[in-house]
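For reference, the structure discussed in these notes is given below.
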């Protein structure tokens with residue numbers, strides 16, 4: 007995951023910064039309880055596509 011991109015994007019629900027989960031190749035929004043997948047290096051920031059983690 008590109009560190010510069012990670013600094014720019016936020017959760018579309020909470021607007022908080024995201025945490026990169028290298029093991030699962032996902033961006034985690036702790037506040038929203040969602041994990042956004044990364045496909046071919048592109049974060050999929052659609053709430054409807056996110057995995058619930060809470």
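Numbering (the numbering used here), first residue to last: 7 to 60.
Every residue, glycine too, gets a C-beta built ideally from N, C-alpha and C.
On a predicted model such as this, the values are computed, not experimentally measured, just so you know.
Within the same chain, Cβ atoms closer than 6 Å to the Cβ of residue 31 are found at 44, the five residues on either side in sequence being excluded. In the structure shown, the three-state DSSP call for residue 53 is helix. Linking residue 41 to residue 22 through their CA atoms gives a straight-line distance of about 13 Å. Secondary structure of residue 8 (DSSP, three-state): coil.
Here residue 54 is exposed. Its C-beta has fewer than 16 other C-beta atoms within 10 Å.
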